[in-house]
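A.B. asks:
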Amino acid sequence: MSAENDTRRNKDVDVDMMVAEVETGARSAAGTAGTFILALAFVWSGFQLYIASNIPYVLTELLGVNVVFNNQEARQFHLAFALALASLAYPLFKSAPRDRVPFYDWILAILGVSSCLYLFFFKESIANRAGLPTTSDIIISIIGMTSLALAVYRSLGLPLVIVASVFVFYVFFGHVDFMPDAIQWRGASLGKAMWHFWMQSEGVFGVALGVSASMIFLFVLFGSLLEKAGAGNYFIKLAFALLGHLRGGPAKAAVVASALSGLYSGSSIANVVTTGTFTIPLMKRTGFKAEKAGAVEVASSTNGQLTPPVMGAAAFLISEFTGISYPELIKHAFLPAVISYIALVYIVHLEALKLGLQGMKRPTITATIAQRLSGVLFGFLAMCILAAVVYYGLGWIKVAFPNLTFTVASVIFLAAYVFLIGLASRHPELEMDDPNAPLEELPRAWDVAVTGFHFILPIVVLIWCILIERLSPTTSAYWATIAMLVIVLTQRPLKALFRASGDMGNAWKQGGHDFVQGMIAGARSMIGIGVATGAAGVIVGTVSLTGLHQVVGEFVEFLSGGSIMVMLLLVAVMSLILGMGLPTTANYIVVSSLMAPVIVAVGAQNGLIVPLVAVHLFVFYFGILADDTPPVGLAAFAAAAISGGDPIRTGIQGFAYDIRTALLPFLFIFNTELLLIDVGPAKAVFIFIVGVTAMMLFAAATQGYFLARSRIWETVALLLVAFTLFRPGFWLDYVQPPFVDRPGTELIELAGEVEDGGTLRMVVSGPDFDNPDKIRDLTLVVELGPKAEGTDRLFNVGLMAMEDGDKMILEEPLAGTPYFPQLKGYDYYGDESVVVSKIQLPAERIAKEVFYIPALLLLGLVVLMQRRRQTVPAF
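Here the working numbering is used: the first residue of the sequence shown is 2, the next is one more, and so on.
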C-alpha cells in the first residue's frame, strides 16, 4: 500500500487526509477510543440493515416483544448515531488532538444521543402533550439543536451552520423593526419553535432525515461494499483497457471510470480521489497540463452525481419531494446524464486534437479483420442477450413461479455468481497499479472484464427489484446490499477453492476484513449526510412554520420582473453560491424548498407549464456544479493536490468543461422531451441521437475547435445549430403560434368535447389575494376524466365555473381538490371576479423538426469550410 499512498500525495498535501476531513472524519483515534468509534460505525450499518429487513417482525412474533422501529423512531436513532460519530470522529477545533478523543467530545456525544433518544423513550407522554412543551422538552430541544449545529460545523464546516442559523433567527425575530416589511412575520415563542423543530416531524426529524435513514444510507453502504470488494479498481482498469488506445485515452478513461463510479458513489470528492489517483498522473504523462488533467477529473467526477441510480444521494429526496416514483425519476434523469458524459468525452477528444496527442499502446493483436468484427458482433449480441435476460427472463420468473419468485431468483443469482467467480478465478487478480510507473502496454479488455463480471450481479439485483418487482427503493437497496455482502464475504474463499490454493483460512479472514471495513466505511460516509439532512430539516421547518417560501417567491419574482428566464438565472446563481459551502443534498433541499414552487408559478403566469421534476432537477444540477466552482470547490482542490496544479485554475477549467452541464437544465425546462416526459421508445432514441449531436456541437463551439480551430462566425454558427437541434420549437413559435385562442365562455362546451383522460388548457385571470389591485394571469392545464357533460367533468376535478354574460366566472375551489394549490392565490370575493379569460387549443402546425434542415445545412457549410484547414483526422 505504500506505493499507492505515495501517489496520493503531492506538494506535501495528503489527499487521503483531505477526503477523510470532508467525508469520513479527520480523527484517527488509537486504543479503546478508536476501537469504539469503529464499532459504533459498524453497529450503525448493522442497525440500518436490521430496520430495512423482515427480521424485526420475525423477532417480534417469536419473542412477543415489539422490536420493530417505526419511521419516526428510525429517524431518531439514525440522527443519534450521526451525532455521536460526528462528535467522536471529527475534531471540534483545528488544534484538537487527532489521535485521541478529548473528554468534552465524549460529553457532547452523550448529550447529542440523549436529546434524540429522549424522543424515543418518552414518545407517549410527548404525544399526549400535543404541542404544549414542558420545561424539560424545551431544554432537551435546545441541547439537540446545539448538538446538531456543532455536528454540522465539525463535519461540513461553517456555511451550513450559518444558513440554518439565519433561518432560526428569522423564526424568532421575523417581527423586529429592522426586518424589511416584505418578509416580516409575527415571530414565534421559544416553546413553539423548539417543539416545531425538535419534538415533532416538521423540523429536524422531517422528510429529509427520513429519506436519509430509510434510503440514502443503504445506497451509500452498497457503494462502500462494492468499493471494498474491488469494483473501483476494476472499473478504472476496464475503462483504460477499452479506451486507453484512443487520442487522449487516459482522459477518456477517466471520464468513463468516473461515470461507472458515479453509479454507486454519492461523493464527487471521493470520486476524484478514487479514480484521479490513477488517471491524473497518466493524463499528465500523455501530454495534458496539470490543470487540465485535474479539470477533466473534476468535471467527470462531479458529473458522477448526475448518474442514476444514486445521484449524489439526492435522487430519493427528489422522488419524495416531487411525488414521482423512484423508477420514473431514474428514467427522467438518465438521458441528460448520458448526454453530458458523452459530450465530456468529446471535449477531451477535442483537447487531445488541439494538443496533437496519441493514444497508448494497445496489446498486439494477431486476429484478422473478420475475427475482430465477429468479436465486436459477439460483444454486442452478448450485451443484448444480457439485457433481455434481465428484463424478460427475470420477469418470466415472476409469472412462472408466482409464489417462489424470491427463491428462484436467489438460486439463479447464486448459480450465476458461482459461474462468474469460477471464470474470474482462471485469471490473475487485478492489482492496484502505480500511476507513476511506466505503462508499456494496455491490458486486454477481455482479460480485465472477465475478472469482475460478478460485480455487476448486485446491480442487476437492484434493477430487478426496482423495475421488475416494483419494490420500494429501500427494499431494493436492501436486497442489492445483501447480494453485495454475499460477494464481499465469499469471493476470496471461492476463488481460493477454484484455484485449489489451499489458503482457505486466510481467504475467509480477508473476506471478513473487507466486510467489516465496508460496513464501517459506509457508516462513516453517512455522518455528513445524516447531520446535513437534519440541518436541512431546520430550514424546511422554518418554511412550513413561517410561510417563508411565499415571501421569498414574491421577492425573487419582483427581481425577475416576472420573466421566467431571469428567474432561472437567479435560481442558478443562488444554487451555485449556496453550493460553494453546502453539500449537494443540503443545497438541493434549501433551494428547492424556497424556489421550486415559485418557478412553477411564474412559468404558469408566462404560459409555460413546467413539470415539477424538471424544476427540481434544475436546482439539483446547479448545486452539483458548485463542487468545482472557485473559490471553494473542494473537488478541484482534491484534483489539484494530485496533479500539482493550481486549484483555482483547475476549478475554473473544470467549470469551463462543465458549461455543457449548466446548459442542460435550461434546455429541459423548455424542452421536457429531454427528460423523456410523455415520450415513447422510438422517439426516445431519436431525441437521444439529436441531443448527443447538439451537445457535441455545443462542446465544439465552447472549445473553439471542431475539425480545425474555429473562427468567430463558425463558433456562432455551431451555437446556433446546437440551439436549433435542442429547441426547434423556439423558431416554430415565431412562424406559427402554438395555440388557437377561444373565448373563456366556451369552457363548459369545450370541456365536454375533450376525449377521455385528455387535457384542457385555460388562462385564469383575477385579482391577487395579497394585492387586490393587481390582476394576475395563470395558465392552467386541467386533466379531465371520462366523457361526460362539461360541467360535471370540471366539477369532478374540483372546478366550479358559471357563465355570467360575456364572462366565465370561476368559483373558489375547495381545499384538497387537485387545482386548489395553484388557484388559492386569487381573491374570489373582491370587486373583480376571477374568470377564465380564454381557452387555448393546440394549433395545427408543421412539424418543428423541419427547422433541423436549415440547421444541418449551416452545419454542412461549417464542415466544408473547416475541412479545408483540417490538419489532423477528426477521430
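For glycine and all other residues, C-beta sits at the position ideal for the given N, C-alpha and C.
So, I528 versus A131, is the Cβ gap smaller than 9 Å?
C.D. replies: Start at 1 with the first residue of the sequence shown, and residue 528 comes out as number 527. Start at 1 with the first residue of the sequence shown, and residue 131 comes out as number 130. Contact: no.
A.B. asks: Under a Cβ-count criterion, where at least 16 other Cβ atoms within 10 Å of its own Cβ denotes burial, should F241 be classed as buried or exposed?
C.D. replies: Mapped onto the sequence shown, residue 241 falls at position 240. Buried: at least 16 other Cβ atoms inside 10 Å.
A.B. asks: Looking at the structure shown, is E228 part of a helix, part of a strand, or coil, going by DSSP?
C.D. replies: In the sequence shown, counting from the first residue as 1, residue 228 sits at position 227. Looking at E228 - three-state DSSP - the assignment turns out to be helix.
A.B. asks: Exposed or buried, what is G380 when buried is set at 16 or more other beta-carbons lying within 10 Å of its beta-carbon?
C.D. replies: To locate residue 380, count along the sequence shown from 1; it is residue 379. Interpretation of G380 is limited by its pLDDT of 49, a score under 50 that renders its predicted location unreliable; no figure is taken from the coordinates.
A.B. asks: What are the residues that DSSP puts in a beta bridge with S766?
C.D. replies: Taking the first residue of the sequence shown as position 1, residue 766 is located at position 765. DSSP output for S766 lists D778, V836 as bridge partner(s).
A.B. asks: With distances taken between CB atoms, is the gap from V299 to V256 smaller than 9 Å?
C.D. replies: Position 298 of the sequence shown holds residue 299. Position 255 of the sequence shown holds residue 256. Their beta carbons are not under 9 Å apart, which means V299 does not touch V256 by this criterion.
A.B. asks: Take the Cβ of Q903 as the centre, count every other Cβ of all protein chains shown within 10 Å, and call the residue buried at 16 or more, exposed below.
C.D. replies: The structure shown does not extend to residue 903, since the chain spans only 2 to 876, so no value can be given for it.
A.B. asks: Nearest by alpha-carbon distance to T276: which of G655, A30, I643 is it?
C.D. replies: Start at 1 with the first residue of the sequence shown, and residue 276 comes out as number 275. The shortest C-alpha separation from T276 is found at I643.
A.B. asks: Buried or exposed, going by whether 16 or more other CB atoms sit within 10 Å of the CB of A844?
C.D. replies: Working through the sequence shown from its first residue, we reach residue 844 at position 843. Label assigned to A844: exposed.
A.B. asks: So, are the CB atoms of I536 and A291 less than 9 Å apart?
C.D. replies: Residue mapping note: residue 536 aligns to position 535 of the sequence shown, counting from 1. Residue mapping note: residue 291 aligns to position 290 of the sequence shown, counting from 1. The amino acid occupying residue 536 in the given sequence is Ala; Ile does not appear at that position. No.
A.B. asks: With DSSP as the reference, please indicate the residues paired to V783 in a beta bridge.
C.D. replies: Residue numbering aside, residue 783 sits at position 782 when the sequence shown is read from its first letter. Answer by DSSP bridge pairing, in chain order: L761.
A.B. asks: If you follow the alpha helix (DSSP H) that F852 is part of, which residue opens it and which one closes it?
C.D. replies: Here residue 852 is taken as the residue at index 851 of the sequence shown, counted from 1. Here F852 belongs to no alpha helix (DSSP H), and DSSP marks it neither H nor E.
A.B. asks: How about the region 335–348 and the region 654–663: do they share at least three Cβ pairs that are nearer than 8 Å?
C.D. replies: In short, these stretches touch, since the Cβ pair count reaches three.
A.B. asks: Could you please give me the residues that DSSP links to P843 through a beta bridge?
C.D. replies: What you label residue 843 is simply residue 842 of the sequence shown in a count that begins at 1. Paired residues: F740.
A.B. asks: DSSP puts R493 in a beta bridge; with which residues?
C.D. replies: On the sequence shown, residue 493 is found 492 positions in, with the first residue counted as 1. Paired residue(s): none; R493 is not in a bridge.
A.B. asks: Are at least three pairs of beta-carbons, each pair with one atom in the region 785–793 and one in the region 831–850, less than 8 Å apart?
C.D. replies: Result no; under three Cβ-Cβ pairs closer than 8 Å.
A.B. asks: Out of L719, S477, R869, K849, state which residue places its alpha-carbon closest to the alpha-carbon of S215.
C.D. replies: Within the sequence shown, numbered from 1, the residue matching residue 215 stands at position 214. Ranking L719, S477, R869, K849 by Cα distance to S215 puts S477 first.
A.B. asks: Spatial neighbours of A508 within its chain, please: CB distance less than 6 Å, with the 5 preceding and 5 following residues excluded, ordered by chain position.
C.D. replies: For the purposes of this step, residue 508 is identified with residue 507 of the sequence shown, where counting begins at 1. Only R493, P494, A497 meet the Cβ criterion.
A.B. asks: Could you say which of L356, V736, G604 lies nearest to L781 if we only look at CA atoms?
C.D. replies: As a working note, residue 781 is residue 780 in the sequence shown. Selected option, being the one with the closest Cα: G604.
A.B. asks: Just mark R500 as buried or exposed, buried being the case when its beta carbon has 16 or more other beta carbons within 10 Å.
C.D. replies: Residue numbering aside, residue 500 sits at position 499 when the sequence shown is read from its first letter. Classification for R500: exposed.
A.B. asks: Quick check on the DSSP output: what are the complete alpha helix (DSSP H) runs of length 4 or more inside the region 172–231, in order along the chain?
C.D. replies: You should have 191–195, 208–212, 218–229.
A.B. asks: According to DSSP, is R710 part of a helix, a strand, or is it coil?
C.D. replies: Mapped onto the sequence shown, residue 710 falls at position 709. Here R710 sits in strand by DSSP.
A.B. asks: Between which residues of its own chain and S545 is the CB-CB distance below 6 Å, once the five residues before and five after are set aside?
C.D. replies: In the sequence shown, residue 545 corresponds to position 544, counting from 1. Answer for S545: E203, listed in chain order.
A.B. asks: Quick one: give me the first and last residue of the beta strand (DSSP E) that E747 is part of.
C.D. replies: One-based indexing of the sequence shown puts residue 747 at position 746. It is not in any beta strand (DSSP E) - E747 carries neither H nor E in the DSSP assignment.
A.B. asks: Mark P738 as exposed unless 16 or more other C-beta atoms lie within 10 angstroms of its C-beta, in which case mark it buried.
C.D. replies: Counted from its first residue, the sequence shown places residue 738 at position 737. P738 is exposed by the Cβ-count criterion.
A.B. asks: Roughly how many whole angstroms lie between the Cα atoms of T8 and L261?
C.D. replies: Mapped onto the sequence shown, residue 8 falls at position 7. Mapped onto the sequence shown, residue 261 falls at position 260. Unreliable positioning characterises T8 in this predicted model, as indicated by a pLDDT of 41, which lies under 50. A coordinate reading is not provided.
A.B. asks: Distance, Cα to Cα, V487 vs S54?
C.D. replies: By one-based count along the sequence shown, residue 487 stands at place 486. By one-based count along the sequence shown, residue 54 stands at place 53. So the alpha carbons of these two residues sit roughly 16 Å apart.
A.B. asks: Name the DSSP beta bridge partners of I810, please?
C.D. replies: Within the sequence shown, residue 810 is the residue found at index 809, counting from 1. Answer is M803, V836, bridged to I810.
A.B. asks: Is the number of C-beta pairs between the region 838–855 and the region 726–741 that are closer than 8 Å three or more?
C.D. replies: With the cut-off at 8 Å, the region 838–855 and the region 726–741 touch.
A.B. asks: Rounded to the nearest angstrom, what separates A856 and F671 at their Cα positions?
C.D. replies: The residue labelled residue 856 in the question sits at position 855 within the sequence shown. The residue labelled residue 671 in the question sits at position 670 within the sequence shown. Those two C-alpha atoms are separated by around 19 Å.
A.B. asks: By alpha-carbon positions, which one of Q73, S96, R76, F104 ends up nearest to S88?
C.D. replies: Along the sequence shown, read from residue 1 onward, the residue named residue 88 stands at position 87. Comparing Cα-Cα distances from S88 to each of Q73, S96, R76, F104, the minimum goes to F104.
A.B. asks: Spatial neighbours of F168 within its chain, please: C-beta separation below 7 Å, excluding the five flanking residues on both sides.
C.D. replies: Taking the sequence shown and counting its residues from 1, one reaches residue 168 at position 167. Excluding residues within five positions, the ones whose Cβ falls inside 7 Å are V539, I540, T543.
A.B. asks: So is P337 buried or exposed if we call it buried at 16+ other beta carbons inside 10 Å?
C.D. replies: Taking the sequence shown and counting its residues from 1, the one referred to as residue 337 is at position 336. Buried, since its Cβ has 16 or more Cβ neighbours within 10 Å.
A.B. asks: For Y829, name the three-state secondary structure that DSSP assigns.
C.D. replies: The count along the sequence shown starts at 1 and reaches residue 829 at position 828. Three-state result, Y829: coil.
A.B. asks: By DSSP, does E430 sit in helix, in strand, or in coil?
C.D. replies: Working through the sequence shown from its first residue, we reach residue 430 at position 429. The answer is coil: DSSP assigns E430 none of H, G, I, E or B.
A.B. asks: What do you reckon, are the CB atoms on A258 and S301 nearer than 9 Å?
C.D. replies: Counting from 1 along the sequence shown, the entry for residue 258 is found at position 257. Counting from 1 along the sequence shown, the entry for residue 301 is found at position 300. Yes, the Cβ-Cβ distance between A258 and S301 is below 9 Å.
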